[in-house]
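Only one structure is covered here, and it is reproduced in the block below.
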Amino acid sequence: MFSKLELHVLILGIDKAGKTTLLEKMKSVYLNVEGLPPDRIVPTVGLNIGRIEVANRKLVFWDLGGQLGLRSIWEKYYEEAHAVVFVIDASSPSRFEDAKSALEKVLRHEDLKGAPLLILANKQDLPDAVSSEELARYLDLKKLDERVYMFEAVSAYDGESAEWLVEVMERSKRTEMLRLRAGAMGPAVSYEAQSPVSHGASFIQTCPI
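For the sequence shown, this note's numbering assigns the number 198 to the initial residue and increments by one for each residue that follows.
Next comes the structure, spelled out in structure tokens:
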């Protein structure tokens, strides 16, 4: 049934960005269970899977290791992904270039064409964290005008951006294509282009998807 369709979300980013910690926070927000404390979280080697339900949709998160030697496996999951969450450690400017390069490589891949993107500037609570505006300028997000994306600065994750992600995935032509491939055709969803919106520490770009 359409209501049972799972939406697959990749969580990507270079190592030590806080991807697995973010996933544990999502579990605590949406499953009402205590996630692993940060001191018990170890770097992901391979794949870490998390399942939650948001706005009556089942989300399956694929959290992939970000070490340089592990990034080659990312593309094995691109074809079946409905959306991408890319996490950046905002407190580590010395690694911004590596993170930017990894992000650009992800976005150039043909198998992720049309996939909505959520960029999280993580660890905003740390003293060395740069502002969301500064990081957005460094990443040159203007180049993403043809892709639906949201840029958000986070430290204590509250779940709001996950609801945005579900909304744009439901409207995405990519999701429709994956439904057809899986033989799980849902009701048609219309979409009207909106103007870019920015508020607080978040920047949202919406366009026909």
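Quick reminder that beta carbons are idealized off the backbone N, C-alpha and C, glycines included. Since we're looking at a predicted model, the values are computed, not measured.
Exercise for the section: Using 10 angstroms around the beta-carbon of residue 279, count the other beta-carbons present and answer buried if the total reaches 16, otherwise exposed. Expected result: So residue 279 counts as buried.
Exercise for the section: Out of 373, 258, 281, 333, point me to the one whose CA is closest to residue 221's CA. Expected result: Relative to residue 221, the option among 373, 258, 281, 333 whose CA is nearest is 258.
Practice task
Kindly confirm or deny that the segment 315-328 and the segment 284-301 touch, where touching means at least three C-beta pairs closer than 8 Å.
Solution key: In the pairwise beta carbon analysis, the segment 315-328 is classified as touching the segment 284-301: at least three pairs are separated by under 8 Å.
Handout entry: 6 Å CB neighbourhood of residue 365 in its chain, flanking five on each side removed
Key = For residue 365, the CB contacts under 6 Å within the same chain, skipping 5 residues up- and downstream, are 313, 345 in chain order.
Practice task
Would you identify the three-state DSSP class for residue 261, choosing helix, strand or coil?
Solution key: Correct three-state label for residue 261: strand.
Problem - Neighbour-count burial assignment, residue 369, 16 or more Cβ in a 10 Å radius - result: So residue 369 ends up on the buried side.
Problem - Residue from 336, 318, 273 with nearest C-alpha to residue 301 - result: Of the candidates 336, 318, 273, the residue whose Cα lies closest to the Cα of residue 301 is 336.
Handout entry: Helix, strand or coil at residue 295 according to DSSP, with G and I counted as helix
Key = Residue 295 sits in a helix when the DSSP states are folded into three classes.
Exercise for the section: Run the CB neighbour count on residue 215, radius 10 Å, all protein chains shown included, and call it buried at 16 or more, exposed below. Expected result: That one is buried.
Practice task
Along the beta strand (DSSP E) that carries residue 318, what are the first and last residues, could you check?
Solution key: Unbroken beta strand (DSSP E) run through residue 318: 314-319.
Handout entry: Exposed unless 16 or more other CB atoms sit within 10 angstroms - verdict on residue 229
Key = With fewer than 16 other CB atoms across the displayed protein chains lying within 10 angstroms of its CB, residue 229 is exposed.
Problem - Segment limits, beta strand (DSSP E) that includes residue 228 - result: No beta strand (DSSP E) contains residue 228, which is instead part of the alpha helix (DSSP H) from 216-228.
Handout entry: alpha helix (DSSP H) segment containing residue 373, residue limits
Key = It spans 370-379 - the alpha helix (DSSP H) in which residue 373 sits, taken as one unbroken run.
Handout entry: 8 Å contact criterion, which residue 267 and residue 242 should meet: CB distance rounded
Key = For residue 267 against residue 242, the beta-carbon gap comes to about 7 Å, under 8 Å, which counts as contact.
Problem - For residue 294, the nearest candidate out of 206, 332, 360 (CA to CA) - result: That would be 332, whose Cα lies nearest to the Cα of residue 294.
Handout entry: Exposed unless 16 or more other CB atoms sit within 10 angstroms - verdict on residue 262
Key = Buried.
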